[in-house]
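Q: Please find one structure pasted underneath; my questions will follow.
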Amino acid sequence: MSATDTLQTSTPQRDGTDAADLPVFATEKTVLGVGVSTWPKIIAPMIVGILALAGWEFAVWWNKVPHFVLPGPLLIGQTLITDWGTLSGSLWITLKITFAALIAAVTVGVALAILFTQSKWLELSLFPYAVILQVTPVVAIAPLIIIWVGDINTSLLICAWLVAFFPILSNTIMGLNSADHNLRNLFEMYGATRWQTLRYLRLPAALPYFLSGLKISGGLALIGAVVAEFVAGSGGTASGLAYRILESGYQLRIPRMFAALVMVSVTGIAIFLATSWVSHMLLRRWHESAVKREN
Amino acid sequence: MNAPVLSRQIPKPLVALRGISKQFSNGTLAVRNVNLDIPAGEFLSLLGPSGCGKSTLLRMLAGLGAPSAGTIEWPTMDYDASGQPMRDLGFVFQDPTLMPWATALKNVMMPLTLKNVSKAEAEERSVEALKMVGLAGFEKAYPRELSGGMKMRVSIARAIVTRPKILLMDEPFAALDEITRHKLNNDLLELWSAGGFTAVFVTHSVFESVYLSQRIVVMAARPGRIMADISVDAPYPRNEQFRTSADYAAWCRVASEKLKEAIGS
Chain A
963 MSATDTLQTS
973 TPQRDGTDAA
983 DLPVFATEKT
993 VLGVGVSTWP
1003 KIIAPMIVGI
1013 LALAGWEFAV
1023 WWNKVPHFVL
1033 PGPLLIGQTL
1043 ITDWGTLSGS
1053 LWITLKITFA
1063 ALIAAVTVGV
1073 ALAILFTQSK
1083 WLELSLFPYA
1093 VILQVTPVVA
1103 IAPLIIIWVG
1113 DINTSLLICA
1123 WLVAFFPILS
1133 NTIMGLNSAD
1143 HNLRNLFEMY
1153 GATRWQTLRY
1163 LRLPAALPYF
1173 LSGLKISGGL
1183 ALIGAVVAEF
1193 VAGSGGTASG
1203 LAYRILESGY
1213 QLRIPRMFAA
1223 LVMVSVTGIA
1233 IFLATSWVSH
1243 MLLRRWHESA
1253 VKREN
Chain B
48 MNAPVLSRQI
58 PKPLVALRGI
68 SKQFSNGTLA
78 VRNVNLDIPA
88 GEFLSLLGPS
98 GCGKSTLLRM
108 LAGLGAPSAG
118 TIEWPTMDYD
128 ASGQPMRDLG
138 FVFQDPTLMP
148 WATALKNVMM
158 PLTLKNVSKA
168 EAEERSVEAL
178 KMVGLAGFEK
188 AYPRELSGGM
198 KMRVSIARAI
208 VTRPKILLMD
218 EPFAALDEIT
228 RHKLNNDLLE
238 LWSAGGFTAV
248 FVTHSVFESV
258 YLSQRIVVMA
268 ARPGRIMADI
278 SVDAPYPRNE
288 QFRTSADYAA
298 WCRVASEKLK
308 EAIGS
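If you want it as structure tokens, here you go:
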């Protein structure tokens, strides 16, 4: 008996095979606050971009292409500065519509997703209509919405929202249903209420899915806002970036058209980077998609 | 050495299964007419080939899916207004089944949070439970930062943090390497002898069931039914010496023969 007594002590023996081992965290060297492995991802596309712009500028100059056909990047940059007053006002309007639409898409998308996963009947009866809203081209219904709603900004907001909300809805539904079945069993065993299961299990499980929906919807909200404004702009009533593009086209001020186009693209890239960053920050500790492989 | 087949007549078992059958909706008869009494404090293994209904039986004990026929009685537990027993149990799945977004501590705290235990108390008890499974200092680690064995320890800590009367385990160590499995077997026996809970351990390993249990219930497949009830009378504490002893080999032989009969039938 005494020979085996040692095994009954409260601290188990460790032979270094398992729990005694500390997890290994790799730390990376940084230059200017950016990881060494990240720099090539910044530098390589930058070099390609600079070469392409230089080639463009050279081709325009060499072939003496007139400005109203194709302006060079330098002229576009110049126009961006000289016309900043008009363009920034339009940018602000487009941004406001885009973000309002995105916020509405997130709110309605997540709320509907939660409702749908709580009640099978609600999902069965309403989901087909969400699909119909999604598959109907926004260009086709934008004129109707503009006529019905009257107020131009509200119409644009509704159009952008229509385009943006579906990825959030369908991704969040999938995420809410993706919680591990045995974890759900466990919650059931411990007598968890519906609310507890939603709060502690289904919503966290849905987060990665929601975030990938958000990344898609961020871009779509901008596209929706721009496309709807093109429709509205042909009536001459809007003032966002899309309207500037149309206006400049009519007036053959092609450098300004390109400047507005650059602003739309930069806005889209900024939205993508912002949503990607939010996603990375929220998932970096636990989700496979955000975690670096260590091999 | 011959295994005496037990006919237990203990006044109040912790749980009594009476004529349990389970038929799935596709017509498969997973379990047929199982009668089993589990006394409080016992370490019991359900041993059988895959498809013998041992996991199904365990899940029914946990209240996941009602039996198609028969009753499961918990004579010493309270029943709620709707006549459901308020099962006081912990469950360990074959996979660690941890929430990847939560730290080890938050994972262990979850059962207490669901039972509305105050945060301070839940935290204190969870730290204690992690310490009991040998994971002191790993409170803030996320599951992906832990090895397979360590994840299983977190899963066990979560199962015992509510100090349950019965711990149900569904092949918990089947996916682990042998060295880790042996260590976790020893730690589990330590927890059991210190913790005062009843253990029901589902396994397909003869060696594991003999090493751990006081009693092995051997099951056969298609349909799942009890073939033998072996009582392993070796004393505790059991350790690596027991694993190499002639006694252990003899018990393994007995259990293997019963299992062979169960598969052959």
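Protein chains in written order, with the numbering used here: chain A, 963 to 1257; chain B, 48 to 312. Here a beta-carbon is modelled for each residue, glycine too, at the ideal position from N, C-alpha and C.
1) Taking G947 (chain A) as the reference, which of A:S1201, A:S1238, A:A1194 has the closest Cα?
2) In this structure, does DSSP put T1069 (chain A) in helix, strand or coil?
3) Expressed to the nearest angstrom, what Euclidean distance is found between the alpha-carbon atoms of V1010 (chain A) and W1018 (chain A)?
4) If you draw a straight line from the alpha carbon of F1127 (chain A) to that of L1053 (chain A), how long is it in whole angstroms?
5) Leaving out the 5 sequence neighbours to the left and right, which residues in its chain are closer than 6 Å to D217 (chain B) when beta-carbon positions are compared?
6) From what residue to what residue does the beta strand (DSSP E) around N82 (chain B) run?
7) Is the region 114 to 134 of chain B touching the region 161 to 175 of chain B in the sense that three or more CB pairs, one from each, lie closer than 8 Å?
8) Would you tell me roughly how many angstroms separate the C-alpha atoms of V1101 (chain A) and I1108 (chain A), rounded to the nearest one?
9) What residues from chain A crowd round G110 (chain B), counting only those whose CB sits closer than 7 Å?
10) With DSSP run on the structure shown, which of helix, strand or coil describes T227 (chain B)?
11) Closer than 7 Å between beta carbons: that is the criterion. Which residues of the region 182 to 210 of chain B meet it against chain A?
12) Cutting at 7 Å between CB atoms, please list the residues of its own chain near A1221 (chain A), excluding the five before and the five after it.
13) Which value, in whole angstroms, describes the spacing of the CA atoms of I1005 (chain A) and I1012 (chain A)?
14) Given 8 Å as the limit, is there contact between the region 1183 to 1197 of chain A and the region 1119 to 1135 of chain A, that is, 3 or more CB pairs closer than that?
15) Under a CB-based cut-off of 8 Å, is R1299 (chain A) close to chain B?
16) In chain A, what lies closer than 8 Å to T144 (chain B) by C-beta?
17) Within its chain, find whatever has a CB closer than 6 Å to the CB of L1182 (chain A); leave out the 5 residues flanking it on each side and keep chain order.
18) In or out: V1031 (chain A) buried (at least 16 other Cβ within 10 Å) or exposed?
19) Extract the residue ranges of the beta strand (DSSP E) inside the region 157 to 230 of chain B, only unbroken runs of 3 or more that lie entirely within it.
20) Helix, strand or coil for G1039 (chain A)? Go by DSSP, reduced to three states.
21) Which residues of chain B have a Cβ atom closer than 9 Å to the Cβ of Y1162 (chain A), listed in chain order?
22) Kindly provide the ranges of any beta strand (DSSP E) runs that are 3 or more residues long and lie completely inside the region 62 to 146 of chain B, ordered along the chain.
23) Output yes or no for whether 8 Å exceeds the beta carbon distance between S256 (chain B) and S92 (chain B).
24) Under the three-state reduction of DSSP, which class applies to D276 (chain B): helix, strand or coil?
25) Residues of chain B with a CB under 8 Å from the CB of Q1096 (chain A): which are they?
26) Mind checking the region 1024 to 1040 of chain A against chain B and listing, in chain order, the residues whose C-beta falls within less than 9 Å of any C-beta there?
27) Touching or not, the region 83 to 91 of chain B and the region 58 to 65 of chain B, by the rule of three or more beta carbon pairs under 8 Å?
28) What are the partner residues of G997 (chain A), as DSSP defines its beta bridges?
29) Decide if R210 (chain B) is buried, meaning its Cβ has at least 16 other Cβ atoms within 10 Å, or exposed.
30) If you pair each beta-carbon of the region 159 to 166 of chain B with each one of the region 221 to 241 of chain B, do three or more pairs fall below 8 Å?
31) Please decide whether L61 (chain B) counts as near chain A, where near means a Cβ-Cβ distance under 8 Å.
32) Can you check DSSP and say which residues form a bridge with F248 (chain B)?
33) Along chain A, in chain order, which residues have C-beta atoms closer than 9 Å to that of F90 (chain B)?
34) Could you round the C-beta distance between A1168 (chain A) and T1134 (chain A) to whole angstroms and report it? I think they count as a contact, below 8 Å.
A: Concretely, from the data shown:
1) For chain A, the structure presents residues 963 to 1257; residue 947 (chain A) sits outside this window and is missing.
2) helix
3) 12 Å
4) 22 Å
5) S102, L105, F140, Q141, V249
6) 76 to 85
7) no
8) 11 Å
9) M1151
10) helix
11) L182, A188, Y189, R191, E192, L193, S194, G196, M197, R200
12) I1038, T1041, L1042, D1045, L1049
13) 10 Å
14) yes
15) Here chain A comprises residues numbered 963 to 1257, so residue 1299 (chain A) is not present and cannot be evaluated.
16) Going along chain A in sequence order, the residues near T144 (chain B) (Cβ under 8 Å) are D1142, N1144, L1145, L1148.
17) Closer than 6 Å at Cβ, skipping near neighbours: V1125, A1126.
18) exposed
19) 213 to 217
20) helix
21) M146, A149, M157, T160, L161
22) Listed in chain order, they are 62 to 70, 76 to 85, 90 to 94, 116 to 120, 136 to 139.
23) yes
24) strand
25) What Q1096 (chain A) touches in chain B: nothing, since even the nearest Cβ is about 29 Å away.
26) none
27) yes
28) A:T992
29) By the 10 Å Cβ count, R210 (chain B) comes out exposed.
30) no
31) no
32) Answer is B:S92, B:M216, bridged to F248 (chain B).
33) Chain A residues near F90 (chain B): none, gap ~16 Å exceeds 9 Å.
34) 5 Å
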